[in-house]
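K.L.:
Counted the way my numbering counts, the sequence shown spans residues 606 to 686. We put the CB at the ideal spot given by N, CA and C, even for glycine. What you are looking at is a predicted structure, and each value in this text was computed from that prediction instead of being measured.
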Amino acid sequence: MKEQYATKKVWKEIYSNQRGLCDICGKKTIKLDFYRDCEDNDPHDTLLCDRCASVLRLCKDDIELLEELIGFLKFQRDRWI
Ligand SMILES: [Zn+2]
């Protein structure tokens, strides 16, 4: 049922609502695709750019891991300031 949601018509509607911008980083690109969570791969009603979708997929939507990554980057950045 959810798969039917991922039609071109729905994509166009959401793309228009998001003004062609990724729902995370705000990057404008024609290459937006439905966010699909790693658990069931079902499409959600939001579009992401390839970079943001790839990061989430690589991290398997693991919020704790993503927070650890942010902490790591901030620590590394602050260490050299
Ligand atoms: Zn993005």
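Among 675, 624, 662, which one has its Cα closest to the Cα of residue 640?
P.N.:
662
K.L.:
Helix, strand or coil: which one does DSSP assign to residue 624?
P.N.:
coil
K.L.:
Who are residue 633's beta bridge partners in DSSP?
P.N.:
626
K.L.:
Pick helix, strand or coil for residue 666, following the three-state DSSP scheme.
P.N.:
coil
K.L.:
Does any residue of chain C have a CB that is nearer than 7 Å to the CB of residue 614?
P.N.:
In the structure shown, chain C cannot be found, because there is only a single protein chain.
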